[in-house]
Structure formats: C-alpha cells, structure tokens
Amino acid sequence: MNMKERELLEKLKNNMGDLLDGLQVVEIRTDAPPGSKKHDFRADLVATVKVGNKSKELIFEVKHRGYPRELEEGVQTLSKLTENRPELVPVLVVPFISETGRRQVRDRGINFIDLSGDVYIAFDNVLIHKTSAGNEYTYKKEGINIFSDKASLIVRELVSKSEAYHTVRTLAENASVSVGWASEVLNELKERGYLDKKPRRGCKIRRMENLLDDWAGQYTFLGKNSIRSFFIKAMSLDEMFALFKDSGASQQIEYALTVHAGAHLVAPFVQYNECHLYVRGRKDFGRQVDHLVDALQLTEPHAGGNFHVARPYYEHGAFHDLRIIEGLKVASDIQLYLDLARFPIRGTEQAEKILGHSGLRDSNSW
C-alpha cells in the first residue's frame, strides 16, 4: 500500500459511520484477515457491522485512483478474497469513481465507496446507495493532463477513430503536435488504462465510455469557457439559425454550434430555445462578437439572454472534426457530449442521446 492509499484508508476509518449510513460498526481492523485468523490472505481493512442481531464482515480494498486500471485491479483482488466466501461483503474504495465505473464495478458484484460521497453497498436486506453532486476529491497532478487543449487533440483523434490502430507519428501529424508530445500523452493514457498497444500495429483507445466520463467529470461548459450572453429576436432555434444564415454572419466568422443548438442538428431530443456557439480566436474574439452583434441586431440584457457566444477553453479542440449540417458549422460529437454532460438544463439527457447516436458508447467489459 502506497502513501496515498494509506491516507485514503485513514479517511475511510474516520468517516466509516457516515459512509455506512448509520450501520453499527462493531470493530475495525486494518491489514487483517477476515473472519478466522487461519486465512492467509489479508484485506486493507475489515469492518464488522451489526445488522439486527447478526454481524457481517465488510472487506475493503483501497486504490489511490479511480481510473479503469485501478478499478480492474481492485475488482480482481476482491473477487479472489471473497471466492467461495459468500458471507463476506467486498467493498472497493477510491477517491472518485465515474458513473460508468460505478456501473462496471456493480456488474462484477463489487460494492464501492468514494471520498466524494458516492456509496453503493448491498447485502442481505441492506442497501446503502448515495450519489454525490460531483467529484469533490482533487487528484494531485500525476503526469500530464490528458484533458488539456493540446493533449486532447491526441485523445480526440483516438476516440473519433476508435476502431483503428494508430502509430505515434500518424497521430502526431493528424493532431498537429510533435511526436514527443504525442508519445507523452499516449504513455499517460496507457498508465490510466485507456490505451491498447500492439507490437507493429500501433495503439487504439479502450474503455472509451470510462474515458469520456472521466473527462466530463473534470470539465463543464459554463465553468471553463468565457461566455457573453445576448438577446436575439427569435423564438426558436430554427428561427435563430435562419437569421444567422440570412445575415451572412455564418460566412464571416469562425464558429461552431454547440450545447443544445449543436445537438438540435445532430440528434435532437430536448426542446431548448437558446443558442450556444463557440467563436474562434483569442486575439480577435471581441471583433468577431461585435460583428455578430451588428449582423444579428443582438442586444445585451441585464441578465439571461437566449444567444450565447463562448470563447473556448479548448481553443483548438473545440473545432476538431468540425462538420457542416444544414449549412451550419457544428462541433464534433465529442465536444457536444462534453458540453452537454454537466449542462444544468437537461444536458445529461441530451448528452446520452449524443452518446448513443455517435457510436461513442463502447462495451462495458474490462
């Protein structure tokens, strides 16, 4: 057990009562064999709890990260520890676990706790199921940030061409980055369990849905982008699109429709009459916005608005795989999913629709 896992173990012990939702904790033992001391295997932590007149042992395996590689290792360890021992309750403990990770762990018959407050423990007639608002646990920086603008260009290439194997050089060329930088990103992806490498064939993405979940957990459209809001005299997205095209503005600025406006043209599901679009260019962003204001006769309200112009956090990535639909430029399915996944107004529903429509959903196997 490394230092981070020991820290997690201490936090688990100190918060055991709250996490177990009032179950009576009779005894806690660390680095201990469950049940009889005759057993030669040891769990990171064993907690004896009382349910009515009966006692039950929960055995905990602690991992310092909740990425697929650590989840797989933890599930395998707990499966071995509880093999032919149905009286034991296996629990995986990580700092944070994504929605896809939770589902995969549960499907393997393993319970989980994370330090953001997500809990799923089911045994006998007991069910503890808590869901937190989001990732409140911050990882200390390890390696490079694979979700930064520059690194994400490699990730976007891999995800958008998920069936193919790629060489480092080809990825670097397609993403317009150096071979050295591409190699660093690929090494970090492999370390986290997101990359499959084959000798002489190259590499391809794996556990794509886990990856997108983790990415969306670290990004929000409203939190990461600089947004200016206006009012446009139109009642629906279709009316806004018509004005946008008729004014000529769509031909004179570099933009990409996103959030519900982009989804409306790709896989409509939610009725939402506000338009969001990215405008490219840090240096001339203001000039392009001024052009939009003049062309569309936009007004700036004291609050709210129905036409929102964003200077993208992903200066390059937001325009990766741009496509034209009905004469309008639309962000990629990857970017639409990221922008919608944690968008407060029906974003999750529309993000799921994009996920199913686009082929970004993969199997849940490890």
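Last residue of the sequence shown: 365 in numbering that gives the first Met the number 0, with the numbers rising by one and none dropped.
Beta carbons are placed, not taken as given, at the ideal position from N, Cα and C, and that holds for glycine.
Tell whether a beta-carbon distance below 9 Å holds between residue 203 and residue 180.
Against the sequence shown, residue 203 aligns to sequence position 204. Against the sequence shown, residue 180 aligns to sequence position 181. No. Outside cutoff.
Compare the Cα-Cα distances from residue 123 to each of 177, 115, 55, 90 and report the closest residue.
Numbered from its first residue, the sequence shown carries residue 123 at position 124. When only C-alpha atoms are compared, the closest one is 55.
Contact set for residue 16: own chain, Cβ-Cβ below 7 Å, skip 5 residues either direction
Within the sequence shown, the letter at position 17 stands for residue 16. Cβ within range, chain order: 24.
Measure how close the beta-carbons of residue 174 and residue 225 come, nearest whole angstrom, since I'm counting them as under 8 Å.
Along the sequence shown, one-based indexing puts residue 174 at 175. Along the sequence shown, one-based indexing puts residue 225 at 226. With 8 Å as the limit, residue 174 and residue 225 do not qualify as a contact, their Cβ atoms being about 24 Å apart.
At what residue ranges does the stretch 31-104 contain a whole run of the alpha helix (DSSP H), taking only runs of 4 or more?
67-80
Inter-stretch contact at 8 Å, needing at least 3 Cβ pairs: the stretch 205-215 / the stretch 281-294:
No, because fewer than three Cβ pairs between the stretch 205-215 and the stretch 281-294 fall closer than 8 Å, the two stretches do not touch.
Given this structure, state the Cα-to-Cα distance separating residue 35 from residue 77, to the nearest angstrom.
Sequence index remark: in the sequence shown, residue 35 carries index 36 (1-based). Sequence index remark: in the sequence shown, residue 77 carries index 78 (1-based). For residue 35, the predicted model reports a pLDDT of 49, less than 50, meaning its position is unreliable; a value from the coordinates is still stated below. Using only the alpha carbons, I get a separation of about 17 Å.
For residue 347 and residue 65, what's the separation of their Cα atoms in angstroms?
Walking along the sequence shown from the start, residue 347 turns up at place 348. Walking along the sequence shown from the start, residue 65 turns up at place 66. Answer to the nearest angstrom: the Cα atoms are 22 Å apart.
Cβ-Cβ distance between residue 230 and residue 274 below 9 Å:
For the purposes of this step, residue 230 is taken as residue 231 along the sequence shown, with counting starting at 1. For the purposes of this step, residue 274 is taken as residue 275 along the sequence shown, with counting starting at 1. Their beta carbons are not under 9 Å apart, which means residue 230 does not touch residue 274 by this criterion.
Pairwise C-alpha distance: residue 52 and residue 60:
Position 61 of the sequence shown, counting from 1, holds the residue named residue 60. Position 53 of the sequence shown, counting from 1, holds the residue named residue 52. Roughly 26 Å between the two C-alpha positions.
First and last residue of the uninterrupted alpha helix (DSSP H) at residue 290
Translated into positions along the sequence shown, residue 290 becomes position 291. Unbroken alpha helix (DSSP H) run through residue 290: 284-295.
Extent of the continuous beta strand (DSSP E) to which residue 222 belongs
Locating residue 222 in the sequence shown gives position 223, where the first residue counts as 1. Element bounds for residue 222: not the beta strand (DSSP E) but the alpha helix (DSSP H), 220-223.
Any alpha helix (DSSP H) of 4 or more consecutive residues that is wholly inside the stretch 223-254
Within the stretch 223-254, complete alpha helix (DSSP H) segments of at least 4 residues are found at 236-245, 248-251, given in chain order.
Could you give the first and the last residue of the continuous beta strand (DSSP E) run that contains residue 195?
Stepping through the sequence shown from its first residue, residue 195 is reached at position 196. Boundaries of the beta strand (DSSP E) harbouring residue 195: 194-197, taken from the DSSP string.
Whole angstroms are fine: how far does the CA of residue 26 sit from the CA of residue 131?
Sequence index remark: in the sequence shown, residue 131 carries index 132 (1-based). Sequence index remark: in the sequence shown, residue 26 carries index 27 (1-based). Cα-Cα distance, rounded: 27 Å.
Between which two residues does the alpha helix (DSSP H) harbouring residue 336 extend?
The residue labelled residue 336 in the question sits at position 337 within the sequence shown. That run of the alpha helix (DSSP H) goes 332-340.
Give me the Cβ distance between residue 228 and residue 303, rounded to the nearest whole Å; I'm assuming they're in contact under 8 Å.
Position 229 of the sequence shown, counting from 1, holds the residue named residue 228. Position 304 of the sequence shown, counting from 1, holds the residue named residue 303. Between residue 303 and residue 228 the Cβ distance is about 7 Å, and since that is below 8 Å, they are a contact.
Local conformation of residue 260 per DSSP, three classes:
As a working mapping, residue 260 is identified with position 261 in the sequence shown. If DSSP states are grouped into helix, strand and coil, residue 260 belongs with the helices.
Have a look at 315, 90, 83, 353 and flag the residue whose alpha-carbon is nearest the alpha-carbon of residue 121.
Within the sequence shown, residue 121 is the residue found at index 122, counting from 1. Sorting 315, 90, 83, 353 by C-alpha distance to the C-alpha of residue 121 places 90 at the top.
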